[in-house]
Each structure stands twice: as C-alpha cells, then as structure tokens.
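Going down the list, the protein sequences come from chains A and B. Numbers given in the working numbering equal positions in the first sequence, counted from 1, plus 1. Numbers given in the working numbering equal positions in the second sequence, counted from 1, plus 1. Even for Gly, the Cβ is constructed at its ideal location relative to N, Cα and C. The model shown is predicted, which means the values in this text are computed figures rather than measured ones. Below is one structure, written out as structure tokens; comments come after it.
Protein chains: 2
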Amino acid sequence: MNDALDVRAALLTAATRRFAQGGYAGTSLQVVADDVGVRKASLLYWFPSKADLREAVIDAQLDRWKDTLPAALAAATTGRDRFARILQVALEFFDEDPDRARLLLRECLDRPDAMRARLLTRVAPWMGLVTEAIRQGQREGRVRPDLDPEAWLVQVVVLVLGSAALGDVADRTVLHHSAAQHQDAADRRLRELVRVARSSLYLDDAPEG
Amino acid sequence: MNDALDVRAALLTAATRRFAQGGYAGTSLQVVADDVGVRKASLLYWFPSKADLREAVIDAQLDRWKDTLPAALAAATTGRDRFARILQVALEFFDEDPDRARLLLRECLDRPDAMRARLLTRVAPWMGLVTEAIRQGQREGRVRPDLDPEAWLVQVVVLVLGSAALGDVADRTVLHHSAAQHQDAADRRLRELVRVARSSLYLDDAPEG
DNA sequence: CCTACCGATCGGTAGG
DNA sequence: CCTACCGATCGGTAGG
C-alpha cells in the first residue's frame with residue numbers, strides 16, 4: 002500500500018519537472034508515465050485527466066510555500082532582519098530548484114486568470130503583512146517615503162521569480178565563461194538582486210547583519 | 002503580388018500573438034491559418050515547417066529591437082538622460098504590446114540554448130556599451146560603487162521583461178480593483194519599476210529631467 | 001495558394 | 001495498476 006502512494010508521488014515529481022522544462026502543452030502524458038515506468042493508463046488512474054495532473058502539480062508547489070514562508074517570518078523579529086530573512090528564504094527556495102520558478106512563470110503565462118485566483122486566496126494574505134511592515138518602516142523613516150509598497154513587492158517577486166527562471170540563460174550570456182565560472186556568475190546575480198532590493202527599499206545603505 | 006506578402010505578414014502577426022499567449026507547443030498551425038483565413042497547407046508554403054515559423058517570429062521581434070534601441074541611444078547624449086531614455090523606450094516597447102515580452106520569456110523557457118545563442122550575437126554588443134557607461138559613472142562618483150554592472154543590467158532586463166509579461170496578473174492581484182482602476186495599477190507598477198532601477202543605480206536620488 | 005491525404009501521436013475510455 | 005482500443009488532431013506531403 003506504500004508502493005502505490007510512491008507511484009503517485011513519483012508521477013507528481015516527474016510531471017513537475019516536465020511541465021517546468023517543456024511546458025504543459027509541450028509535455029505528453031506518455032513521457033511522464035515513461036519517466037516513472039508505468040503505463041499511461043495508470044497515470045490516468047491516479048490523475049483522471051491531464052488538467053487534474055496540472056492542478057495537483059501547481060498546488061503541491063504552492064503548498065511548499067505555505068510551509069516555508071511562515072517559518073521564515075516566525076524566525077525573525079526585527080523589521081530589517083525579517084526583510085533579509087524572507088528574501089534569503091525565497092532566493093534559496095527557487096535557486097535550490099529553478100524548475101519551481103519556471104513552473105510558476107509558465108502557469109502565469111498559460112492561465113493568468115487561474116493563477117490570479119490562486120494568488121488571491123493563497124498569497125494575498127501574507128502580502129498584506131509585508132506591505133504593512135513596509136509602511137511602518139516609512140513612518141519610522143527607515144524606508145524610502147516615495148516607495149509604493151504594493152508595487153515594490155510586485156517588482157521584487159518578479160525579480161526573484163524571473164531571476165531564478167532565466168538565471169541560467171543570463172549567467173552564461175553576460176559573461177560567456179567556462180563551466181567552472183558558472184557558480185561565480187550565479188553568485189554575482191544573486192548578490193546584485195539582494196543589493197537592488199535593499200537599496201531601493203531603505204533610505205540609508207547599512208549592510209544587513 | 003502585394004497581397005501575397007500581406008498574407009505572409011498576416012501569418013507572422015497571428016503566429017506572434019498565438020505563440021505569445023498559448024506558447025509554441027500549445028499553438029497548432031491550424032489556428033494560425035484560421036486566424037488569417039487561409040488553409041494550413043498555405044501556411045506551410047510560406048513557412049516550410051512549424052520550426053521555421055517560430056524562427057521567423059522570434060527574429061522579427063529581435064529585429065524591431067535592433068531599430069528601436071540605437072535610435073534611443075543616439076537621441077540622448079548625457080549619461081543620466083541616456084539611462085532614462087533607454088529605460089523609457091524599453092518600457093514603452095513592451096508595454097505597447099506585452100505579447101512581445103511573453104514571447105521572449107517563453108522562448109527563454111522553451112529553448113534556453115537557442116535564445117542564448119541569439120542574445121550573444123544580437124544583444125551582447127550594445128550590452129557592453131551600457132556596462133561601460135555604468136563603469137564610467139562609477140569612476141565619476143555618480144553610480145553606486147558596490148554595483149555589479151553586468152549583474153545589475155541582467156536584473157533590470159529581467160524586471161522589464163517580467164513586469165510586462167506578468168503585469169496584467171500582478172495589476173489585478175495586488176489590488177483587486179475595477180477595470181477603471183486597471184490603468185492606475187499599471188502606472189503604479191511602471192513608476193515603481195523606474196524608481197527601483199534608478200535608486201539602485203545612483204548614489205543620490207535627484208529626479209530625472 | 002488550394003484539395004486531398006497520411007502516419008504518428010494526442011488525451012482519454014472500457015474492462016478487467 | 002494493466003491490455004487493448006478509439007476518435008481527434010497533430011505537423012507535414014503530393015500534386016496541381
């Protein structure tokens with residue numbers, strides 16, 4: 002009875018990778034089944050339709066966020082520490098597996114309305130917390146007064162998602178360096194992303210702890 | 002003899018829109034032909050294969066950049082004016098038709114290696130001009146000394162492309178406002194993008210002319 | 001630019 | 001979870 006759940010989980014993992022790299026329309030149920038080593042009809046036993054498989058893949062990915070983010074929020078208390086922590090957790094989450102960013106990006110492009118509905122119920126709640134913290138920072142004179150909290154947060158999310166999804170192309174294009182220098186390029190890109198986010202947020206430029 | 006070229010151009014336009022919105026794999030030659038009002042076999046007369054159609058669509062889009070950007074560079078002379086002008090031209094280019102950003106984003110996700118090869122030959126040249134101008138600004142003390150020119154440019158490109166491609170989703174999610182407020186949301190987003198780019202670039206915060 | 005056609009593959013079902 | 005199967009659609013070709 003454990004093997005059965007393993008097959009389902011393996012199908013989810015394989016589908017996530019395939020959808021992220023080839024897209025939903027560009028991925029056949031056959032190749033996902035082949036990846037796991039079962040028949041296509043067996044895949045359709047666990048997931049009644051291709052659309053159901055997509056739903057499960059996206060939901061699983063957003064669920065991981067639901068676990069990761071509150072933990073980061075709870076761990077840090079001061080505003081400045083909280084900002085650095087959240088950004089770091091987000092960067093690690095997507096950099097650990099860029100397919101996550103590619104999957105979400107593709108879903109935004111493929112079904113903007115469906116993605117928007119999901120974001121409203123699953124992401125909007127904690128987004129309000131972040132923008133309120135920013136406004137508090139503005140009242141205290143730490144955060145730039147001409148910053149638009151909601152719009153700024155959108156830009157940072159776009160930056161984190163886009164940088165993770167396209168980072169590989171960018172890293173090997175800005176400097177067409179060797180494979181050994183590949184990690185350096187990724188480090189430079191992430192460091193600069195943090196610098197851009199921080200310097201566009203705070204009035205002064207003190208480094209984080 | 003003019004009608005014939007019009008059909009080809011119409012096919013290119015229809016394919017651009019379809020590929021941007023539904024993706025390459027998610028778009029059949031049949032619907033592109035239907036959009037224009039010709040038979041699928043006629044499409045395959047102008048573009049021998051689906052892959053050829055894609056190549057033509059992407060090339061046409063990058064060609065438009067080749068005309069737009071040098072004009073913007075030539076129009077502005079001072080460094081600060083040049084930066085504002087280039088960013089403004091880029092934002093207008095993609096905001097005028099967000100499908101351009103979606104198309105390029107999708108191509109990066111679908112065929113990263115092919116996109117990288119194109120970027121190296123068609124975008125890398127003027128990218129060197131921009132990073133050199135940034136370094137000059139650093140020598141003159143106008144630009145933040147801890148900024149990484151290549152990495153910063155990558156972030157700004159990701160931001161412009163991502164913001165245009167995902168702007169619609171973001172605008173209607175951050176504040177689930179009415180259609181009348183939709184333009185306001187887009188304005189806020191673009192204004193904040195410019196602010197983020199500028200404040201992460203310059204040491205002081207003087208507004209542009 | 002059209003009619004007519006093809007082999008391959010698609011998502012999905014029947015039945016066990 | 002499998003075998004066997006299906007109608008629809010896919011990109012592409014032949015021939016004019």
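Measure the C-alpha to C-alpha separation of A:A42 and A:Q31 and round it to an integer number of angstroms. Spanning the two alpha carbons is a distance of roughly 9 Å.
Identify, in the order they occur along the chain, each residue of the same chain with its Cβ nearer than 7 Å to the Cβ of B:W127, setting aside the five sequence neighbours on each side. So the list reads L70, once near-sequence residues are dropped.
Since I believe B:R117 is in contact with A:R173 (beta carbons under 8 Å), could you give me their beta-carbon distance rounded to a whole number of angstroms? Contact between A:R173 and B:R117 holds: CB atoms are separated by about 6 Å, below the 8 Å threshold.
Does any CB atom of chain A fall closer than 8 Å to the CB of B:P113? Residue contact check for B:P113 against chain A: a CB pair falls below 8 Å.
Taking the alpha-carbon positions, what's the A:P99 to A:A26 distance? Using only the alpha carbons, I get a separation of about 20 Å.
Check whether the segment 14-23 of chain A touches the segment 92-109 of chain A, taking contact to mean three or more Cβ pairs, one atom from each stretch, closer than 8 Å. Counting C-beta pairs with one atom in each stretch, the segment 14-23 of chain A and the segment 92-109 of chain A have three or more that are closer than 8 Å, which means they touch.
Thinking B:A16 and B:V39 are a contact (beta carbons under 8 Å), I'd like their distance in whole angstroms, please. That pair is no contact at about 12 Å.
Determine the direct distance from the alpha carbon of B:I87 to that of B:A134, and round the result to whole angstroms. In a straight line, the C-alpha of B:A134 is about 13 Å away from that of B:I87.
Could you tell me which residues DSSP pairs with A:V144 in its beta bridges? DSSP output for A:V144 lists A:Y203 as bridge partner(s).
Rounded to the nearest angstrom, what separates A:V58 and B:R136 at their Cα positions? C-alpha separation (whole angstroms): 44 Å.
The alpha helix (DSSP H) that contains A:V39, what's its start and end? Unbroken run through A:V39: none, as it is neither H nor E.
With distances taken between CB atoms, is the gap from A:A61 to A:L12 smaller than 8 Å? Between A:A61 and A:L12, the CB-CB gap reaches or exceeds 8 Å.
Chain-ordered residues of the segment 135-153 of chain A with a beta carbon less than 8 Å from chain B: So the close ones are R145, D147, L148, D149, E151, A152 and W153.
Note down, in chain order, each residue of its chain lying with its Cβ closer than 7 Å to the Cβ of A:V37, except the 5 sequence neighbours on either side. Here the set comprises V8, A11, L12 and A15.
Under 8 Å: do the segment 153-166 of chain A and the segment 156-176 of chain B share three or more Cβ pairs, one atom per stretch? By the C-beta criterion, the segment 153-166 of chain A is judged to be in contact with the segment 156-176 of chain B, since at least 3 inter-stretch pairs fall below 8 Å.
Under 9 Å by beta carbon: chain B residues contacting A:A26: Going along chain B in sequence order, the residues near A:A26 (Cβ under 9 Å) are G23, G24, Y25, A26, G27 and T28.
List the residues of chain A that B:E193 touches, going by C-beta distances under 7 Å, in chain order. Neighbours of B:E193 on chain A, chain order: D149, A152, W153 and Q156.
Identity of the residue in B:L204, B:R192 and B:V197 nearest A:S201 by Cα: Checking every option, the nearest Cα to that of A:S201 belongs to B:V197.
Can you list the residues of chain B that A:S200 reaches, using a CB-CB cut of under 8 Å? Chain-order list of chain B residues neighbouring A:S200: R145, S200 and S201, by C-beta distance under 8 Å.
Using the Cβ count rule (16 or more neighbours within 10 Å means buried), how would you classify B:T28? Burial check for B:T28: the Cβ neighbour count within 10 Å reaches 16 or more, so the residue is buried.
Do B:R107 and A:L110 have their CB atoms nearer than 8 Å? Yes. Within cutoff.
Reduced DSSP secondary structure (H/G/I, E/B, other) of B:P49: Note: B:P49 maps to coil in three-state DSSP.
Return yes when the Cβ of B:D169 is within less than 8 Å of the Cβ of A:P113, no when it is not. A contact, by the Cβ cut-off of 8 Å.
Own chain, CB closer than 7 Å to B:D53, minus 5 neighbours either side, in chain order: The beta carbon of B:D53 lies closer than 7 Å to none in the same chain, with the five residues before and after it left out.
Buried or exposed, going by whether 16 or more other CB atoms sit within 10 Å of the CB of A:A152? Answer is buried; the Cβ neighbour count reaches 16.
Could you have a look at B:P113 and say whether DSSP puts it in helix, strand or coil? It is helical.
Cβ-heavy atom distance between A:R119 and the ligand NAD below 7 Å? The ligand NAD is absent from the structure shown, which contains no ligand whatsoever.
Which class does A:G210 belong to by DSSP, given the choice of helix, strand or coil? Per-residue confidence for A:G210 stands at a pLDDT of 34, beneath the threshold of 50, marking its modelled position as unreliable; no derived number is given.
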